[in-house]
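**Student:**
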Amino acid sequence: MKHEELRSLVEDRKEELIQLCSEMIRIPSENPPGEMDAMISYLCAYLDKHGIQYEIVKGNESAPNIIARMGQKDGRVLLLNGHCDIVPAGNLEKWDFDPFGGEVRGGKILGRGASDMKTGLAGLLFAMGILADNKVPLNGEVVLSIVPDEEVSGQFGTKWLVENNVIHGDACLIAEPTGSLNCEIGQKGCCWLKLTASGVPAHGSLAPFAGDNAINRLIKVLNRIEAIRDITPRYDDATAAVMEKSRDMAKKLIQAKGAQHVLNHCTVNLGKISGGTKVNMVPDYAEAEIDIRIPIGVSCEMVEEQVIRIIKESGVAGVSYSFCWQSEANSTSDTEEIVEIVADHVAKIWGEPLARTYQWASSDARFFRYAGIPTLQYGPANLEGIHAYNETVDVQDVVNAAKIYTCTIIDYLNGKN
Ligand SMILES: [Zn+2]
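Throughout the sequence shown, residue numbering follows the numbering used here, covering 2 to 418 in sequence.
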C-alpha cells in the first residue's frame with residue numbers, strides 16, 4: 002500500500018483517534034499509586050475490537066504489561082513501546098482545566114498525559130488498528146509493549162520484558178514526547194554515589210587534640226567532588242556532531258543560562274548529607290549522597306576512577322564510597338535505518354527535516370539500547386506541560402504522528418515503496 006493511501010486511512014478516521022486519546026486521558030493512571038486495572042482493561046478492549054492478538058505479562062503482581070503482536074514470524078521484528086502510567090496531576094487548583102476531562106478545545110487535547118504519553122501511545126495503537134482493519138499484509142512482525150511503570154523507573158515494565166527476552170526485535174520506536182520535528186537518539190546515564198566517613202569519637206571539649214572528626218573528613222572529600230565534572234567524554238565525530246545540535250536545542254529549550262553544558266558534561270548534585278550524634282561529641286560517622294549524571298562518552302567506570310582519585314588526593318583516611326544506582330549513557334546512530342525512515346516521513350508530512358538529538362534526562366529507551374536494539378523516541382508533545390500543570394498536545398501533531406507511525410511500520414517491515 003502506498004504512503005498516500007496509508008496517510009489518508011488515518012486522516013479519514015482521525016476523529017476516532019482523537020476520541021481514543023480523550024478516553025485514555027479520562028482514565029486516571031497516576032503513578033504513584035500505579036493502579037492500572039481500568040487502563041489495562043480499556044486498552045485490551047481496543048485491541049479486541051480490532052482483532053489484534055495480545056497477552057498480559059506481569060513482571061510482578063502490580064505490574065501488568067500488554068504485549069500486542071501482528072504480522073508474521075519470519076521477517077524482521079519492529080518493536081513499538083509506550084507507557085500507560087502518568088505522573089500525578091498534583092494540585093488540581095493549579096490547572097486551568099480538568100486534568101482528567103480529556104477535553105478537546107482550540108485544536109488541542111487537554112489533560113494529564115496529553116503529551117507524556119497517552120496520545121503517542123494512542124497513535125501507536127491506532128496505527129496497528131488501521132493496519133489490522135485494512136488487512137494490510139506485513140512481511141514481518143510488529144510487537145507493541147505497553148508498560149505500566151515508566152514513571153517510577155520501569156523495573157517491572159520495559160527492563161523486565163527486555164531482560165527476560167519477552168520482547169526482542171531489530172529496531173524500536175518509542176512514542177515518548179519529543180515534539181514533531183525532533184527525535185531522541187541518546188540519553189545520559191547516572192551514578193548515585195554514597196560517601197561514608199568514619200572517625201574516632203571523643204569529648205567535644207578536647208577537639209581536635211582527641212578523636213578524629215568524621216564530618217571534617219567527609220567535607221575534605223566533598224570540597225573536591227566537583228572535579229567529577231572535569232572528566233572528558235570520549236566519542237567519535239558523528240557523535241560530536243549530534244552533541245553540538247543537542248546543545249543548541251537545549252539552549253533554546255532550557256531557560257537556565259549555560260544549561261546546555263549538562264549534555265556533554267557530568268553533573269554533580271550533592272543531594273543529601275548527614276552525620277554526628279550530638280553537638281558535644283566528636284562524630285565517628287558521616288555520609289553524603291551525590292547524584293552524578295554521565296554524558297555519552299563517559300562510563301560509570303570512568304566516574305569510579307575519578308572518585309578514587311579524589312578521595313586519594315584529599316589526603317584523609319576513613320572515607321569510602323559505594324554506588325547505590327548506576328546506568329550507562331546510551332545512544333543510537335543518527336543514520337540507523339529506523340531513524341532514517343521516521344525522518345523521511347516527518348519530511349514528507351511536515352515539510353521540514355527531523356532533528357536528531359540527545360536528551361539530558363532518561364527513559365525506558367536505555368533498556369532496548371543496552372540489549373543492542375537501535376531505538377529512537379518520537380512523539381507528539383507540547384513540552385511545557387510535561388510533569389507540570391496544564392498539559393496539552395496539538396491535535397494536528399497527534400494525527401501526523403499516527404500517520405508517521407503507520408508508514409514507518411510498513412517501510413520497516415515491507416521495505417520502502
Ligand atoms: Zn514519558
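Ideal Cβ placement from N, Cα and C applies to all residues, glycine included.
Check the C-beta distance from T333 over to P375 and give it rounded, since I have them as a contact under 8 Å.
**Tutor:** So it is a contact: roughly 5 Å between Cβ atoms.
**Student:** Assess contact between the segment 356 to 365 and the segment 176 to 191, defined as three or more Cβ pairs (one per stretch) separated by less than 8 Å. Is contact present?
**Tutor:** Cβ pair count under 8 Å is three or more, so yes.
**Student:** For the beta strand (DSSP E) containing H84, name the first residue and the last one.
**Tutor:** It spans R77 to H84 - the beta strand (DSSP E) in which H84 sits, taken as one unbroken run.
**Student:** Run through DSSP, which three-state label would S9 get?
**Tutor:** Residue state, collapsed to three classes: helix.
**Student:** Any idea which residues DSSP pairs T358 with across the strands?
**Tutor:** DSSP lists E185 as partners of T358.
**Student:** Could you spell out the range, first to last residue, of the beta strand (DSSP E) harbouring V148?
**Tutor:** Segment G141 to V148, the beta strand (DSSP E) holding V148.
**Student:** In the DSSP assignment, find the unbroken alpha helix (DSSP H) run with K349 in it and report its ends.
**Tutor:** Taken as a continuous stretch (DSSP letters only), the alpha helix (DSSP H) holding K349 covers E338 to W351.
**Student:** Going by Cα to Cα distance, which pick from P284, E151, K3 and G170 is closest to A215?
**Tutor:** If we check each option's Cα against that of A215, P284 comes out closest.
**Student:** Which residues share a DSSP beta bridge with F324?
**Tutor:** Answer by DSSP bridge pairing, in chain order: L194.
**Student:** Applying the 10 Å Cβ sphere with the 16-neighbour rule, what's the burial state of G276?
**Tutor:** Label assigned to G276: buried.
**Student:** For a quick check, are the C-beta atoms of E24 and V88 less than 9 Å apart?
**Tutor:** It is not a contact, given that the beta carbons lie outside the stated cut-off.
**Student:** On a CA-only basis, which of Y286, R225 and N265 is nearest A242? Give me that one, please.
**Tutor:** Among Y286, R225 and N265, the Cα nearest to that of A242 belongs to N265.
**Student:** Which residues does DSSP pair with N331 in a beta bridge?
**Tutor:** Answer by DSSP bridge pairing, in chain order: Q188.
**Student:** Is the number of C-beta pairs between the segment 170 to 177 and the segment 77 to 86 that are closer than 8 Å three or more?
**Tutor:** Because the criterion of three Cβ pairs below 8 Å is met, the segment 170 to 177 and the segment 77 to 86 touch.
**Student:** Around the C-beta of T120, are 16 or more other C-beta atoms found within 10 angstroms, so that it is buried, or is it exposed?
**Tutor:** Buried, because 16 or more other Cβ atoms sit within 10 Å of the Cβ of T120.
**Student:** Looking at P375 and ligand 1, is the gap between the Cβ and the nearest heavy atom below 8 Å?
**Tutor:** Result no, Cβ not under 8 Å from ligand 1.
**Student:** Would E111 and E104 qualify as a contact pair, given that the criterion is a beta-carbon distance under 9 Å?
**Tutor:** Correcting the residue type first, residue 111 is Leu in the shown sequence and not Glu. Yes, they are a contact pair.
**Student:** Between the beta-carbon of P100 and the beta-carbon of I26, is there less than 9 Å?
**Tutor:** Result yes, Cβ atoms of P100 and I26 sit closer than 9 Å.
**Student:** Quick check on the DSSP output: the beta strand (DSSP E) that includes Q256 runs from which residue to which?
**Tutor:** No beta strand (DSSP E) contains Q256, which DSSP labels as neither H nor E.
**Student:** By Cβ distance below 7 Å, which residues in the same chain neighbour W161 in space, the five residues on each side in sequence not counted?
**Tutor:** Cβ within range, chain order: G60.
**Student:** Can you check whether the CB of S181 is closer than 9 Å to the CB of L384?
**Tutor:** Cβ atoms of L384 and S181: not closer than 9 Å.
**Student:** When the Cα of E56 is compared with those of E5, N401, V167 and L21, which residue comes out closest?
**Tutor:** Among E5, N401, V167 and L21, the Cα nearest to that of E56 is on V167.
**Student:** Whose CB is closer than 7 Å to a heavy atom of ligand 1? List the residues in chain order.
**Tutor:** That query returns the following residues: H84, D117, M118, E151, E152, E177, P178 and S364.
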